[in-house]
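Number of protein chains: 2
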Amino acid sequence: MTSPFADTAISAIQFGADGLVPAIAQQHDTGEVLMMAWMNRDSVRETLETGRVCYWSRSRGAPWRKGETSGQVQRLVDLRIDCDGDTLLLLVDQTGVACHTGKRRCFFRRAGEAGLEDVPMGAVDPKALYGKAGA
Amino acid sequence: MTSPFADTAISAIQFGADGLVPAIAQQHDTGEVLMMAWMNRDSVRETLETGRVCYWSRSRGAPWRKGETSGQVQRLVDLRIDCDGDTLLLLVDQTGVACHTGKRRCFFRRAGEAGLEDVPMGAVDPKALYGKAGA
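Residue numbers (the working numbering), protein chains in the order written: chain A, 4 to 138; chain B, 4 to 138.
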């Protein structure tokens, strides 16, 4: 399936030499920056056409339908493209937690004067999401 | 100048084969995602040690002290590192506007049903920032 809707967005995106573009996921109502991952043309198209966020997993070399294993899906609220067309901002509605560690957000460490410190945030036991480690 | 403070953070970051890591800038109090750019080890160190955000300009192949030309500097409030250590989230205090177009944020276009649409946001005339086009 193709749609002119997705075609217009894709034509405005400058994919890198590897065919990928970085995509920042932000919770649409709270403003939390949840994670950053990568998309290719097909994952941008699928995300726009289904309303459910699909990335491209660089480690697996395969589409990564967020939450497919864990149930922690991201519903797309809005897809934004930056001035140079080489970065995306996805406004999403995140079910549960975004990070494979079970934390709400992937950015849970900060550079503190005494070393790396944890940033307090909601979390679940990753075993409850995957049974074992996963994404 | 080197500091153990910066060393600890840098040792937790997985820089890419090109020596760079993506850095998302978010306004610390409003939650606005302002821009995404790249940093190398030296720019992370300078940012942590001076408290003023310095990126690495891939197009110029040089340090990019944000606001050096435009005056639209970013003061670092907090530097966060993601679960895999391969993406940074900078909580900043942005003076004026973040985007070289004069818009407050770089993500000012959205994928709409009828094509790309502008997202309303604060802006200034870029000529007032640079005299001519710049960053």
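Glycine included, every Cβ here is placed at the ideal spot set by N, Cα and C.
Rounded separation between residue i and residue j - CA only
i: C102(B); j: T33(B); result: 17 Å
i: W41(B); j: R107(B); result: 19 Å
i: T72(B); j: M124(B); result: 22 Å
i: E49(A); j: A28(A); result: 16 Å
i: L132(A); j: T98(A); result: 12 Å
i: G70(B); j: P129(A); result: 41 Å
i: V36(B); j: D96(B); result: 12 Å
i: M38(B); j: G134(A); result: 36 Å
i: Q17(A); j: L82(B); result: 27 Å
i: L51(B); j: P7(A); result: 45 Å
i: V127(B); j: S60(B); result: 23 Å
i: N43(A); j: G88(B); result: 22 Å
i: G74(B); j: R68(B); result: 10 Å
i: G64(B); j: D10(A); result: 33 Å
i: G118(A); j: E120(B); result: 43 Å
i: L79(A); j: G105(A); result: 21 Å
i: A20(A); j: A114(A); result: 32 Å
i: L93(A); j: P66(B); result: 28 Å
i: A138(B); j: A15(A); result: Per-residue confidence for A138(B) stands at a pLDDT of 47, beneath the threshold of 50, marking its modelled position as unreliable; no derived number is given.
i: Q30(A); j: F110(A); result: 13 Å
i: S62(A); j: L23(A); result: 13 Å
Chain-ordered neighbours of residue i on chain B, where CB pairs are closer than 9 Å
i: E71(A); result: Under the 9 Å cutoff, chain B gives no residues; its nearest Cβ is about 18 Å from E71(A).
i: V122(A); result: D81 and R83
i: F8(A); result: A114, G115, E116, A117 and G118
Helix, strand or coil at residue i [DSSP, three-state]
i: S46(A); result: helix
i: A126(A); result: strand
i: D21(A); result: coil
i: A136(A); result: Note that A136(A) scores 47 on pLDDT, short of 50, meaning its location in the model is unreliable and no value can be drawn from it.
Unbroken alpha helix (DSSP H) run spanning residue i, endpoints
i: I16(B); result: Unbroken run through I16(B): none, as it is neither H nor E.
Residues that residue i contacts on chain B, provided the C-beta gap is smaller than 8 Å
i: T104(A); result: C86
i: R113(A); result: D81, L82, R83 and I84
i: L132(A); result: Near L132(A) there are no residues of chain B at all, since even the closest Cβ is about 14 Å away, more than 8 Å.
i: A65(A); result: The contacting residues do not exist; A65(A) stays about 17 Å from chain B at best.
Per-residue contacts from residue i into chain A (C-beta, under 7 Å)
i: P149(B); result: Residue 149(B) cannot be examined here, being either before or after the span of chain B that is shown, 4 to 138.
i: T90(B); result: M39
Chain A contact residues for residue i, given Cβ-Cβ distances below 8 Å
i: A12(B); result: A114 and L119
Contact test: residue i Cβ vs the ligand COA heavy atom, cutoff 8 Å
i: R78(A); result: Of ligands this structure carries none, so the ligand COA is not represented either.
Within chain B, the residues that residue i reaches when beta carbons sit closer than 7 Å
i: Q29(A); result: V36
Closer than 9 Å at the beta carbon, the chain A residues around residue i
i: F110(B); result: I27, R83, I84, D85, C86, T90, L91 and L92
i: A126(B); result: None at all; the shortest Cβ gap to chain A is about 12 Å.
i: A20(B); result: Near A20(B) there are no residues of chain A at all, since even the closest Cβ is about 11 Å away, more than 9 Å.
**OP:** Write down every uninterrupted run of the beta strand (DSSP E) in the region 78-121 of chain B whose length is 3 residues or greater and which is fully enclosed by it, in chain order.
**Re:** 91-97, 112-115 and 118-121
**OP:** With a floor of 3 residues, list each beta strand (DSSP E) that falls wholly inside the region 25-71 of chain B, ordered by position along the chain.
**Re:** 36-42, 57-60 and 65-68
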